[in-house]
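Trainee:
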Amino acid sequence: AITDYNEAIKLNPKYADAFNNRGWAYSDKGEYDRAITDYNEAIKLNPKYAEAFYNRGIVYYNKGKLDLAIADYNEAIKLNPKYAEAFINRGIYYSDKREYDRAIADYNEAIKLDPKNADAFNNRGNAYYGKGEYDRAIADYNEAIQLNPKNADAFNNRGNAYNSKGEYDRAITDFTGAIQLNPKFAAPFNNRGFAYNSKREYDRAITDFTGAIQLNPKYAEALIGLGIAYEQKGDKGKAIENYRQALAVTQNPQVKEFAQGKMKQLEGK
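Residues 1 to 269, numbered by the UniProt record's numbering, are exactly what the sequence shown covers, in order.
Written as structure tokens, this is what we have:
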């Protein structure tokens with residue numbers, strides 16, 4: 001595709017669409033700086049190009065430059081107030097910042113514009129989940145799954161909501177559904193492991209946490225879960241080993257604190 005866009009740009013250096021599309025192709029390959037250069041060019045050629053602002057916003061978001069991302073989403077929405085995807089992405093930004101009400105307002109707008117958009121329901125569910133409103137979250141995940149029955153993410157998210165409500169069997173059913181749809185998705189293995197821990201089915205939990213770690217060897221939460229399962233089974237050595245590994249791979253202060261506390265307790269320090 002990039003070769004085709006190069007050709008189009010050579011033939012017409014003022015072709016904003018070609019720059020936008022080549023930017024998208026670079027972005028897809030993870031070449032974010034080249035993508036940004038192309039989006040900049042597209043915007044220079046057409047300052048009212050909402051899609052180029054939106055696409056550049058995605059790249060900034062992926063680079064962790066959240067303030068630049070939000071500025072681009074705002075601009076995209078200003079240029080095209082019916083841009084459902086831009087509302088969704090701005091909502092994700094607000095959710096990341098734990099500004100759940102602002103996120104929900106954006107998802108509401110997206111749903112009004114595009115009532116069959118499964119991502120809008122799934123993400124609004126995440127915002128309700130963040131607020132601890134699990135039933136509202138589940139209602140949104142139900143809608144997302146109805147609109148897209150192959151959405152592994154929505155099954156995993158609904159499982160988390162059931163888990164938080166203490167409905168472990170329903171949670172396990174959803175995590176299993178997510179795994180069937182996407183066997184390389186580490187999160188539902190980890191989450192199902194925690195549900196099994198809650199049910200005191202430690203051997204099943206160990207199998208799931210091990211599966212999650214195979215898919216993502218730096219999955220600190222799964223290492224913690226594995227530590228808990230071994231600890232409950234009375235295998236102190238393996239518990240300590242997993243807590244130590246979690247400590248080695250995590251940047252999360254809560255996970256660090258938990259692992260350190262557990263190790264002190266088990267090593268009797």
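Beta carbons are placed, not taken as given, at the ideal position from N, Cα and C, and that holds for glycine.
#1: For Tyr202 and Lys233, which I take to be in contact (beta-carbon distance under 8 Å), what is that distance rounded to the nearest angstrom?
#2: Using only CA atoms, which one of Ser95, Lys82, Asn156 lies nearest to Ala110?
#3: Hey, Ile224 and Tyr243: beta-carbon distance below 8 Å or not?
#4: For Gln254, which of Ala220, Gly64, Glu51, Ile240 has the nearest alpha-carbon?
#5: Would DSSP call Glu231 helix, strand or coil?
#6: Is the CB-CB distance between Ile228 and Met263 below 8 Å?
#7: Below 6 Å CB to CB, which residues in the same chain sit around Phe87 once its five sequence neighbours on both sides are set aside?
#8: Between which two residues does the alpha helix (DSSP H) carrying Arg102 extend?
#9: Hey, how far is the Cα of Glu167 from the Cα of Leu266?
#10: Starting from the C-beta of Asn182, find all residues in its chain whose C-beta is less than 7 Å away, skip the five residues before and the five after it, and write them out in chain order.
#11: On a CA-only basis, which of Gly23, Ala118, Lys150 is nearest Glu41? Give me that one, please.
#12: Three-state secondary structure (DSSP) at Tyr83?
#13: Going by CA-CA distance only, name the one from Gln180, Gln245, Phe185, Ser198 that's closest to Lys165.
#14: Given Ala35, which residues of its chain have a CB within under 7 Å of its CB, disregarding the five upstream and five downstream residues?
Mentor: Working from what's here:
#1: 5 Å
#2: Lys82
#3: Taking 8 Å as the Cβ cut-off, Ile224 and Tyr243 qualify as a contacting pair.
#4: Ala220
#5: helix
#6: No.
#7: Asp106, Glu109, Ala110
#8: Segment 100–113, the alpha helix (DSSP H) holding Arg102.
#9: 30 Å
#10: Ala152
#11: Gly23
#12: coil
#13: Ser198
#14: Gly23, Tyr26, Ser27, Val59
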